[in-house]
Amino acid sequence: MNKSFKTLAVGLTVAFSLGACASNNADNNAAGTGSASPAASSSSSSAAPSEAAVDPMGKFAEPVEVSLGRGVDPTYKYEGNDTAEDNIYTRWLKDSYNIVVKHEWEAAPADYGQKVSLAIASNNLPDAMLVNETQLRQMVKAGQLADLTEVYDKYGAERLKQIYKTNPGLLEGVTFDGKLYALPETTLPSAPMTWIRKDWLDKLGLEAPKTLQDLENVAKAFIDNKMGGDNTLGIVGTQQGGSLYSTFLSSGDHFMNFSSLFFANDAYPGIWVKDESGNAVYGSTTAETKKSLSLMRDWYAKGILDKEIGLRKSSKEALTSGQAGIFFGPWWSPYDLQDAIKSNPEANWRPYAAPLDDAGVFNSNQATGSNFIVVNKKYEHPEAIIKMLNLHVSEKPESYKTAVGKEMTSQEIPLFLVMGFGDQLQYAVKTTQKVLTGEMKLEEVDKANYGFTYELSSHVKNIKKEPFDNYDIQYWDQKTDPDFFAHVYAHLNGGSTFVDANVNYVKSIATAQTKTMQTKWTNLKKLEDETFLKIIMGIAPVDEFDTFVTKWKQQGGDEITAEVNELK
Amino acid sequence: MLNRGVSKHYLLMLLPGLIWLALYNVLPMYGVLMAFKDFNPGLGIFKSEWIGMDNFEYMFQLDDSKVIFKNTIVIALFKMLGNLIVPLVFALMLNEVKNRLFTRSVQTIVYLPHFLSWVIIAGIMLDIFSYSGPINQVLSLFGAEPMLFFANPNLFPWMVVFSDIWKEFGFAAIIFFAALTSINPEMYEAAAIDGASQFKRLTRITLPSILPVAVLLGTLSLGNILNAGFDQIFNLYNPTVYSTGDIIDTWVYRAGLIDMQYGLATAVGLLKSVVGLVLISVSYTLAYRFANYRIF
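Chains A and B, in that order, give the protein sequences.
The first sequence: position 123 = 123 (this note's numbering), numbered continuously.
The second sequence: position 12 = 12 (this note's numbering), numbered continuously.
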């Protein structure tokens with residue numbers, strides 16, 4: 001999970017930092033004087049040092065220091081001697097806005113969550129950092145966070161507010177007792193699709209699967225015909241330390257797990273759903289989940305599922321080595337398929353909105369927010385954090401083009417959040433397709449609001465070869481524009497199938513731990529993980545599930561369900 | 001007078017160690033207060049609300065607690081025994097080989113894994129014992145069905161014990177080698193002249209001579225009975241083997257760092273320390289009684 005997340009982080013962050021470079025005319029007009037020219041900024045700040053505060057994009061009169069806890073990818077290559085702490089972007093922040101970024105600590109993406117938890121527990125917090133929802137709630141409860149309500153009102157740029165307006169519910173989700181305690185990320189929609197080596201399908205003359213039965217047949221055909229050599233694997237997924245399905249605490253992370261098999265049985269393990277009478281019930285305890293488990297057990301015994309579920313150090317390796325031809329993953333999976341394509345140039349990975357449930361519906365649980373910027377209560381300049389986010393999402397002034405002038409990623413931009421309008425993916429895919437076919441001119445792309453779409457569109461013609469509506473790997477040019485290949489390939493190959501799919505989303509009633517969960521969840525989750533994996537791998541009988549449900553309820557599940565019922 | 005000067009030197013040399021101990025082991029002890037509090041990071045350890053023994057009561061209610069204590073003791077006990085017997089036998093056997101070059105190279109090779117971290121060794125182990133890995137391929141030659149060694153709750157503890165012994169026996173044998181070289185060769189010569197066989201010399205001279213060292217090492221390792229090896233198990237386990245492979249340390253890690261149940265995790269950790277302290281005292285007494293080994 002960690003590995004894929006890291007790659008995603010890099011991939012997506014590249015994508016959306018570009019989006020962030022998007023210009024916004026309205027905003028530019030409103031804040032024009034403050035941000036338009038770097039030369040003028042020094043004079044304007046000296047003219048009105050105290051009132052400069054009201055200008056969301058203005059330069060601070062005095063250098064303002066921000067200490068951060070930061071996730072840094074150790075494999076990322078910076079320009080020259082640049083680091084995460086001192087690079088072209090942070091220098092630009094400092095020179096143009098007097099915001100000086102200091103790192104209190106750094107952690108590799110895989111360890112970041114732990115490091116944050118430690119910082120929270122020891123109450124040794126940087127001025128600002130990115131946290132997840134459970135950590136956010138923990139910090140709110142501990143009274144560690146600054147109330148951002150006023151600062152956001154006063155300093156939030158027009159565009160920033162617009163973004164939150166087009167993503168309803170986000171700010172409400174981080175408002176506790178009427179106080180705004182965090183700045184949430186705009187979530188990208190996500191649902192796990194079935195990714196299949198289409199070159200194998202074609203070779204065997206098979207149709208793309210729609211139902212679970214189809215999928216089983218395809219996997220069986222791949223194995224029987226040794227498409228990936230003697231050790232051909234069926235469906236690969238969860239690796240060591242990973243989870244079988246995404247949960248209400250990590251609902252967006254669908255890459256290479258088995259959520260899809262549950263969804264196709266109308267089961268939603270790991271999240272809180274409503275039963276027939278409208279009461280909250282934990283998805284992992286339902287009859288549908290039992291049915292899914294018994295199917296997976298059957299498939300595991302037949303070898304349709306990888307025998308080493310939960311044991312592989314890296315499931316992605318099975319794709320790179322060419323042993324496997326099927327996995328489940330979201331639209332952005334191609335970002336993670338780069339190695340697999342490099343080592344098997346003929347590997348034609350295509351996504352399918354499958355498997356469908358008995359009624360022919362394509363189900364998924366709905367992703368909830370993932371990252372939040374939080375500000376330490378003791379920090380004196382919370383407005384600096386808001387300004388940083390303003391700058392991140394707004395059109396950059398001329399100074400930016402000369403000082404930075406290239407695409408920045410989360411590795412350069414401190415406190416990086418994916419920020420965009422609610423329909424960003426839809427727009428990006430559809431517009432890029434239209435520009436490619438000539439239906440739309442590049443100039444017609446709404447550069448102001450969808451900057452990244454503009455980038456995609458301006459590169460797409462170097463990358464996608466004719467026929468334009470066929471996304472098979474042989475119709476792509478990977479060499480001319482290698483920096484943008486992954487973006488365009490992910491958006492057109494993965495994104496197009498996803499935005500056209502008719503997804504029935506099921507949302508979790510609870511999105512963070514309730515009070516009782518804080519003490520009992522470790523135990524219950526352990527019970528769940530152990531029982532499920534044992535059932536699938538044939539170590540325990542299917543009926544062990546009923547024992548699990550009874551035990552789960554006894555050991556605090558009932559209590560927690562009652563708490564969740566109060567949330568709905 | 002001379003004595004005093006010497007001991008001053010020694011005490012000075014002890015100082016860095018003592019400072020380290022105070023800073024990292026003694027000072028942070030106030031953290032155990034968390035076990036008796038409803039810990040709120042915003043308030044800090046001292047200001048958080050006292051909840052008495054609630055965390056401990058809850059801990060004993062959990063089915064998990066019994067399982068993880070049992071697993072920890074079972075795994076640690078077998079590791080202790082294995083890590084005592086295997087290196088001893090190995091050292092005795094290698095001691096009989098007279099080719100110096102051979103013994104030296106074997107010694108060097110077998111203690112190499114000791115210097116690799118568990119992250120690496122675990123990766124290698126998982127690969128070797130994987131479904132289509134070398135071990136299963138060899139087994140399939142004999143017609144056995146391939147099996148998943150690390151996903152089998154019955155096998156897992158043995159795999160853990162086995163891999164730990166494989167990693168550590170070479171290094172542990174060093175002490176036995178040292179003990180063996182300190183045996184006076186004249187005893188062997190005398191025995192040989194008296195007509196003692198090779199085997200007799202082993203049982204009558206070698207074994208009794210290094211027995212105190214073996215007893216000492218054994219008793220001292222008693223203090224580790226609740227350390228089943230976090231690094232190792234964390235890198236090898238998965239949910240299917242929780243029933244036999246989840247140990248105190250991995251549980252505390254999940255509860256404390258993943259689920260942020262600081263109080264409960266501290267309580268479990270504290271109980272582990274208390275039991276560890278008792279065992280260390282016992283083993284110290286035993287070491288004194290049987291091996292005449294004294295630290296104080």
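Cβ atoms here follow ideal geometry from the backbone N, Cα and C, with glycine treated the same way.
Just so we're clear, the structure is a prediction, and the values are computed from it rather than from any experiment.
Between which residues of its own chain and residue i is the CB-CB distance below 6 Å, once the five residues before and five after are set aside?
i, result
"residue 140 of chain A", "176, 181"
"residue 137 of chain A", "512"
"residue 226 of chain A", "232"
"residue 88 of chain A", "404"
"residue 292 of chain B", "none"
"residue 94 of chain A", "100"
"residue 50 of chain A", "Because residue 50 of chain A carries a pLDDT of 45, less than 50, the predicted location of this residue cannot be relied on, and no value is offered for it."
"residue 198 of chain A", "348, 350"
"residue 27 of chain A", "The predicted model places residue 27 of chain A with a pLDDT of 38, which falls under 50 and marks its position as unreliable; any figure quoted below should be read in that light. 157, 158, 159, 394, listed in sequence order."
On a Cα-Cα basis, can you pick out the residue from the options that is closest to residue i?
i, options, result
"residue 183 of chain A", "A:174, A:190, A:196", "A:174"
"residue 202 of chain B", "B:235, B:187, B:212", "B:187"
"residue 128 of chain B", "A:311, A:489, A:503", "A:311"
"residue 148 of chain B", "B:240, B:25, B:32, B:252", "B:240"
"residue 83 of chain B", "B:238, B:271, B:268, B:214", "B:214"
"residue 538 of chain A", "A:307, A:470, A:284", "A:307"
"residue 240 of chain A", "B:88, B:60, B:150", "B:150"
"residue 31 of chain B", "B:48, B:16, B:244, B:15", "B:48"
"residue 559 of chain A", "A:509, A:521, A:528", "A:521"
"residue 270 of chain A", "A:166, A:349, A:281", "A:281"
"residue 72 of chain A", "A:130, A:62, A:117", "A:130"
"residue 233 of chain B", "B:281, B:264, B:164", "B:164"
"residue 245 of chain B", "B:107, B:8, B:286, B:73", "B:73"
"residue 274 of chain B", "B:115, B:29, B:14", "B:29"
"residue 33 of chain B", "B:45, B:24, B:40", "B:45"
"residue 133 of chain B", "B:142, B:146, B:121", "B:146"
"residue 113 of chain A", "A:147, A:200, A:105, A:132", "A:132"
Skipping 5 residues on each side, what residues in its chain have a beta carbon closer than 7 Å to that of residue i?
i, result
"residue 294 of chain A", "542"
"residue 31 of chain A", "Its pLDDT being 36, under 50, residue 31 of chain A is placed unreliably by the model, and the measurement read from it follows with that caveat. Within the same chain, residue 31 of chain A has close Cβ partners 55, 56, 57, 157."
"residue 327 of chain A", "195, 235, 236, 237, 256, 319"
"residue 266 of chain A", "288, 357, 363"
"residue 276 of chain B", "223, 226"
"residue 106 of chain A", "70, 72, 84"
"residue 146 of chain A", "375, 376, 377, 379, 382"
I'd like to check one pair, residue j with residue i: are the Cβ atoms closer than 8 Å?
i, j, result
"residue 432 of chain A", "residue 457 of chain A", "yes"
"residue 273 of chain A", "residue 506 of chain A", "yes"
"residue 152 of chain A", "residue 536 of chain A", "no"
"residue 76 of chain B", "residue 225 of chain B", "yes"
"residue 269 of chain B", "residue 262 of chain B", "no"
"residue 206 of chain A", "residue 191 of chain A", "no"
"residue 65 of chain A", "residue 102 of chain A", "yes"
"residue 216 of chain A", "residue 304 of chain A", "yes"
"residue 97 of chain B", "residue 170 of chain B", "no"
Quick one: which chain B residues come within Cβ less than 9 Å of residue i?
i, result
"residue 526 of chain A", "64, 239, 242, 246, 251, 254"
Residues of chain B with a CB under 8 Å from the CB of residue i: which are they?
i, result
"residue 571 of chain A", "Given that chain A is displayed from residue 1 to residue 568, the structure contains no residue 571 of chain A and the question cannot be resolved."
"residue 539 of chain A", "151, 152, 153, 240"
In chain B, which residues lie with their C-beta within 7 Å of the C-beta of residue i?
i, result
"residue 522 of chain A", "254, 255, 259, 261"
"residue 117 of chain A", "257, 260"
"residue 304 of chain A", "None at all; the shortest Cβ gap to chain B is about 14 Å."
"residue 143 of chain A", "42"
Starting from the beta carbon of residue i, find every residue of chain A whose beta carbon is closer than 7 Å, and list them in chain order.
i, result
"residue 221 of chain B", "Neighbours of residue 221 of chain B on chain A: none; closest Cβ ~29 Å, over 7 Å."
"residue 131 of chain B", "307, 308"
"residue 264 of chain B", "519"
"residue 123 of chain B", "313"
Ignore the nearest five residues each way along the sequence and tell me which others in residue i's own chain have a CB closer than 8 Å to its CB.
i, result
"residue 29 of chain A", "Only weak support is given to the placement of residue 29 of chain A: the predicted model assigns it a pLDDT of 36, under 50, and the question is left unresolved by the model."
"residue 465 of chain A", "475, 476, 477"
Going along chain A in order, which residues have a C-beta closer than 9 Å to the C-beta of residue i?
i, result
"residue 126 of chain B", "240, 308, 311, 312, 313"
"residue 23 of chain B", "Ordered by position in chain A, no residue passes the 9 Å Cβ test against residue 23 of chain B, which lies about 16 Å from the chain."
By the criterion of Cβ-Cβ separation under 8 Å, what are the contact partners of residue i in chain A?
i, result
"residue 148 of chain B", "307, 308, 311, 537"
Entirely enclosed alpha helix (DSSP H) segments - the segment 258-292 of chain A, minimum 4 residues | Whole alpha helix (DSSP H) segments, 4+ residues: 259-263.
Contained beta strand (DSSP E) runs [length at least 3] in the segment 163-248 of chain A, N- to C-terminal order = Fully enclosed beta strand (DSSP E) runs of 3 or longer: 193-197, 233-236.
Considering only residues of the segment 137-165 of chain A, which uninterrupted alpha helix (DSSP H) runs meet the minimum length of 4 residues and lie entirely inside it, listed in chain order?
-> Taking 4 residues as the shortest admissible run, the segment 137-165 of chain A contains the following complete alpha helix (DSSP H) segments, listed from N- to C-terminal end: 149-155.
Which residue spans inside the segment 521-567 of chain A form an unbroken alpha helix (DSSP H) run of at least 4?
-> Counting whole runs of 4 or more residues, the segment 521-567 of chain A contains the alpha helix (DSSP H) stretches 544-552, 558-567.
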